[in-house]
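Let me begin by presenting the structure, written as structure tokens, before commenting on it.
In my numbering, the protein residues as written are 103 to 278.
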């Protein structure tokens, strides 16, 4: 061999070929021949850092950006729900037009769920006055609820501890 210092051996254990034009893997920094430089060919353990795939929306054919570690299915689903410009996605958005008015909630519903106290629109999760910190001055409870509360207060205020003068009648029936 005339030039023993030229080239490098392939880092793939099954190959070890002396290659005069070796290629360096940009993920794991290993030296490989042209046959094993692909991530899948040398079973690269660092491929996830470099092998980034951008999903494409199936409705509008627009690339959807995905954050690292986020599943691509979720990103495409959110794109279809919010940003997609295709006809099916637009029609779906028209159905859900009633946006929740609670701060920070982006949920939309098919039908209006209006609070009786403050007359604002909320989603199913925040429809009750306690769930959206209602500031309205409507009726806090129904008449039946108020009657039940007043009865409970009346019973509680009369006497909760039996007096010693009252005794429980003894059971006179024979045992079976």
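All C-beta atoms in this analysis are idealised placements derived from N, C-alpha and C, irrespective of residue type, glycine included.
Does the beta-carbon of residue i have 16 or more other beta-carbons within 10 angstroms, so that it is buried, or is it exposed?
i           : result
residue 182 : buried
residue 124 : buried
residue 122 : exposed
residue 228 : buried
residue 230 : exposed
residue 278 : The predicted position of residue 278 is uncertain, since its pLDDT is 49 and thus under 50; a value taken from the coordinates is nonetheless stated next. Classification for residue 278: exposed.
Where do the N-terminal and C-terminal ends of the alpha helix (DSSP H) with residue i fall, by residue?
i           : result
residue 218 : Where residue 218 is concerned, there is no enclosing alpha helix (DSSP H), given that its DSSP letter is neither H nor E.
residue 256 : 245 to 260
residue 183 : 174 to 184
residue 149 : 149 to 152
State the CB to CB distance for the pair residue i and residue j, rounded to an integer number of angstroms; the pair is presumed to be in contact (CB under 8 Å).
i           : j           : result
residue 130 : residue 147 : 6 Å
residue 234 : residue 210 : Not a contact, Cβ separation roughly 16 Å.
So, using beta-carbon positions, are residue i and residue j closer together than 9 Å?
i           : j           : result
residue 113 : residue 138 : yes
residue 223 : residue 212 : no
residue 220 : residue 236 : yes
residue 168 : residue 156 : yes
residue 141 : residue 127 : yes
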